[in-house]
Amino acid sequence: MPVGSFGHTGFTGTSLWIDPTTNTVIDTVQVGAPDTFRSGPQDMTDDGTNLYAVSSNLQALQSVDPTTDAVTTGPSVDDQFCGQLATAGGFIWSADACTGAFYQLGIDGTEQQVVPSTGVPGGVTLLGKQLWISDDTAFNPDTFQGSDAVVEQLD
Numbered sequence: 001m002p003v004g005s006f007g008h009t010g011f012t013g014t015s016l017w018i019d020p021t022t023n024t025v026i027d028t029v030q031v032g033a034p035d036t037f038r039s040g041p042q043d044m045t046d047d048g049t050n051l052y053a054v055s056s057n058l059q060a061l062q063s064v065d066p067t068t069d070a071v072t073t074g075p076s077v078d079d080q081f082c083g084q085l086a087t088a089g090g091f092i093w094s095a096d097a098c099t100g101a102f103y104q105l106g107i108d109g110t111e112q113q114v115v116p117s118t119g120v121p122g123g124v125t126l127l128g129k130q131l132w133i134s135d136d137t138a139f140n141p142d143t144f145q146g147s148d149a150v151v152e153q154l155d
């Protein structure tokens, strides 16, 4: 990797590497490793200024300032970061399938709000200025498949 780049490698083959000179982010996941989903960076999002990455083994939001290469790790939270992230209204939202809830985090990583899921959280996205969530209300943990999903606006 180029001089000035930085990152993290997980013990199951996952890694996150950032090169601020070229504004390149590389996120790798080893296919087939049974614990891959629980050990390396799970998802990333940005707010137009900073990059935010999460890892379930840290249970904390990490902020990367690409202009200074500074990495800040927020406090440990209940969110295990087993799902998607989205940035909305100055907050980071997480759909956490491990705890069965949607989490609203401040950009400093502090937990602001927890919204219980009606099933298994599937994802979060911002459309305009409205946050939307998907919830799988009939999830089979034996087959890891869902059969009944709900998409709704979160107020």
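Residue numbers 1 to 155, in the working numbering, belong to the letters of the sequence shown in order. In this text, a Cβ means the ideal position worked out from N, Cα and C, and glycines have one as well.
Looking only at its chain, what residues have a beta carbon closer than 7 Å to the beta carbon of residue i, apart from the 5 residues adjacent to it on each side?
i, result
"GLN42", "VAL54, SER55, SER56, PHE81 and CYS82"
"GLN84", "ASP43, ALA95, GLY123 and VAL124"
"ILE106", "The question names Ile, but residue 106 is Gly in the sequence shown. Closer than 7 Å at the Cβ level, and outside the excluded window around GLY106, lie PHE91 and GLN112."
"PRO75", "ALA60, GLY109 and THR110"
"ALA97", "CYS82, GLY83, VAL120 and PRO121"
Between residue i and residue j, how many whole angstroms is the CB-CB distance? I'm expecting something under 8 Å.
i, j, result
"VAL25", "LEU51", "7 Å"
"TRP93", "LEU127", "In fact, because the Cβ distance is near 13 Å, the residues do not count as touching under 8 Å."
"GLY119", "ASP136", "5 Å"
My output table needs one value for residue i: the three-state DSSP class, helix, strand or coil.
i, result
"THR68", "coil"
"VAL3", "coil"
"VAL25", "strand"
"GLY128", "coil"
"GLN104", "strand"
"PRO116", "strand"
"THR99", "coil"
Which residue's Cα is closest to the Cα of residue i: the options?
i, options, result
"LYS129", "ALA97, GLY90 and GLY106", "GLY90"
"ILE18", "CYS98, VAL71 and ASP79", "VAL71"
"ASP79", "PRO121, GLY7 and GLY48", "PRO121"
"ASP47", "ALA86, THR22, SER15 and ASN23", "ALA86"
"VAL3", "THR22, VAL64 and LEU16", "THR22"
"VAL64", "VAL114, SER15 and PHE6", "PHE6"
Take residue i and list the residues in its own chain whose beta-carbon comes closer than 6 Å to its own, dropping the five residues that flank it on each side.
i, result
"PRO20", "PRO66 and ASP69"
"PRO116", "ALA101"
"LEU154", "LEU131 and ILE133"
"ALA88", "LEU126 and LEU131"
"THR73", "ALA60 and GLN62"
"THR99", "GLN80"
With a threshold of 7 Å (Cβ to nearest heavy atom), would residue i be considered close to the ligand MN?
i, result
"ASP79", "Absence of the ligand MN from the depicted structure is noted, as is the absence of any ligand whatsoever, leaving it without description."
Could you pull out every residue in the same chain whose Cβ sits closer than 8 Å to the Cβ of residue i, ignoring the five residues on either side in sequence?
i, result
"VAL77", "GLN59, ALA60, LEU61, TYR103, LEU105, GLY109, THR110 and GLU111"
What residue ranges within the region 37–66 form continuous beta strand (DSSP E) runs of no fewer than 3 residues, ordered along the chain?
-> 41–46, 51–55 and 60–65
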